[in-house]
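Residue numbers (the working numbering): 13 to 100.
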Amino acid sequence: MLVVGTILGGGACATGPTSRDRLLKRAAFDLNCTKDELSVTKLDARTRGVRGCGHKATYVETCDAPPTSFVRNCTWVMNTHQGNDDDE
């Protein structure tokens with residue numbers, strides 16, 4: 013029983029890129045910008061606005077399982093046409 017608890021506990025502690033890291037990596041590619049040049053604004057629980065290098069875009073986090081799932085994979089998907097900052 014102790015071994016099972018240790019294995020399950022170890023799986024829960026696994027670390028990887030954070031949601032923000034994944035967002036910045038995707039936006040840096042889409043906006044042709046470095047991560048350091050990007051700013052992120054939380055629009056709602058699953059949506060972020062990203063600005064940088066004279067561009068802006070909106071991203072929605074999409075996951076393959078509900079938040080209560082022990083294992084789920086999420087990614088950020090651009091939800092708007094990439095525009096310039098002055099397109100407001």
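By construction, the Cβ of each residue, glycine as well, lies at the ideal position given by its N, Cα and C atoms.
- Here the C-alpha atom of Met90 lies approximately 20 Å from the C-alpha atom of Pro78.
- Our two residues, Gly64 and Arg32, have alpha carbons roughly 15 Å apart in a direct line.
- Considering only Pro29, Thr87, Ser51, the residue with the shortest C-alpha distance to Asp76 is Thr87.
- Between the C-alpha atoms of Val62 and Thr74 there is a straight-line separation of about 16 Å.
- Secondary structure of Leu50 (DSSP, three-state): coil.
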